[in-house]
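In terms of the numbering used here, the sequence shown opens at residue 2 and continues consecutively.
This report concerns only the one structure given below.
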Amino acid sequence: MAFYQFGDRVPEAGRGCYVSDSARVIGDVVIGDDCYIGHGAILRGDYGSIRLGPGTAVEENAVIHIRPDGLSVLGERVTIGHGAIIHGDHIDDFAVIGMGAIISMNVIIGRWSIVAEGCVLTQGTEIGPEKFVTGVPGKIAGDIKDRHKDYWTWGKQLYVDLARSYCKKLKRID
Numbered sequence: 002m003a004f005y006q007f008g009d010r011v012p013e014a015g016r017g018c019y020v021s022d023s024a025r026v027i028g029d030v031v032i033g034d035d036c037y038i039g040h041g042a043i044l045r046g047d048y049g050s051i052r053l054g055p056g057t058a059v060e061e062n063a064v065i066h067i068r069p070d071g072l073s074v075l076g077e078r079v080t081i082g083h084g085a086i087i088h089g090d091h092i093d094d095f096a097v098i099g100m101g102a103i104i105s106m107n108v109i110i111g112r113w114s115i116v117a118e119g120c121v122l123t124q125g126t127e128i129g130p131e132k133f134v135t136g137v138p139g140k141i142a143g144d145i146k147d148r149h150k151d152y153w154t155w156g157k158q159l160y161v162d163l164a165r166s167y168c169k170k171l172k173r174i175d
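Quick look at the structure:
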């Protein structure tokens, strides 16, 4: 695992996690059980704090950071898509942040909400539960349906299973 202490701030990971050796987990970052932290991801708890709930996936090249003395909380089974940038305060359980989305400071995203690929949520935005958000800047485009939850329940389990598989099957061969 690519964990780095920053002063007295030391990252922690729960059981069953996979953290890529090309990821960077720095400082006050607590990763819950069964999380997946993909290749090239950066979680910077150097002057703020980050908490990831169980089963959360931070896909490749995503960045999570928070303002000085801030706290960024990602709930249970949150999905952060490839290349997303997260500076927000709270992303509630089962939310999905699409690939390349940007979540600015002081943003709160509700349970089961989905932020589309490339969407930008500007500073101070609050999205309630079960909303679909798209655009630049992001606007609510509709409500989450059961079919969205069914698909993402399946997709989220893929990453929990992938974390377990990587721990057992990934072998460096050079």
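By construction, the Cβ of each residue, glycine as well, lies at the ideal position given by its N, Cα and C atoms.
**Message:** Please give the ranges of any beta strand (DSSP E) in the stretch 24-79, keeping only runs that are unbroken, at least 3 residues long and fully inside the region.
**Reply:** 25-32, 43-53, 64-66, 72-75
**Request:** Could you pull the start and end residues of the beta strand (DSSP E) that residue 144 belongs to?
**Result:** 140-144
**Asked** Per DSSP, what kind of secondary structure is residue 135 in: helix, strand or coil?
**Response** strand
**Message:** Less than 7 angstroms between C-beta atoms, sequence neighbours within five positions excluded: which residues of the same chain meet that for residue 149?
**Reply:** 115
**Asked** Between residue 63 and residue 84, which are expected to be in contact by the criterion C-beta below 8 angstroms, what is the C-beta distance as a whole number of angstroms?
**Response** 6 angstroms
**Asked** Excluding the five sequence neighbours on either side, which residues of its own chain have a C-beta within less than 6 angstroms of the C-beta of residue 102, listed in chain order?
**Response** 85, 116, 120
**Proximity winner among 95, 169, 10, relative to residue 157 (alpha-carbon distances)** = 95
**Request:** Say whether the stretch 11-18 touches the stretch 157-168, bearing in mind that this needs 3 or more beta-carbon pairs closer than 8 angstroms, one atom from each stretch.
**Result:** yes
**Asked** What does residue 160 pair with, by DSSP beta-bridge criteria?
**Response** Paired residues: none, contrary to the question.
**Request:** Report the residue from 90, 147, 154, 40 whose alpha carbon sits nearest the alpha carbon of residue 68.
**Result:** 90
**Item:** Exposure of residue 81, with buried meaning 16 or more beta-carbon neighbours within 10 Å
**Value:** buried
**Item:** Residue of 104, 173, 110, 38 minimising C-alpha distance to residue 131
**Value:** 110
**Request:** Closer than 6 angstroms by C-beta to residue 42: which residues in its own chain qualify, once you throw out the five before and the five after it? Chain order, please.
**Result:** 24, 59, 63
**Request:** Figure out for me which residue from 47, 70, 3, 128 has the closest Cα to the Cα of residue 98.
**Result:** 128
**Request:** Please name the residue or residues paired with residue 122 in a DSSP beta bridge.
**Result:** 104
**Message:** Taking 7 angstroms as the threshold (C-beta atoms), are residue 28 and residue 46 in contact?
**Reply:** yes
**Request:** Can you have a look at residue 138 and say buried or exposed, based on whether 16 or more other CB atoms are within 10 angstroms of its CB?
**Result:** exposed
**Message:** Residues in the same chain with beta-carbon distance under 7 angstroms from residue 113, minus the five sequence neighbours each way, listed in chain order, please.
**Reply:** 95, 96, 130, 131, 145, 150
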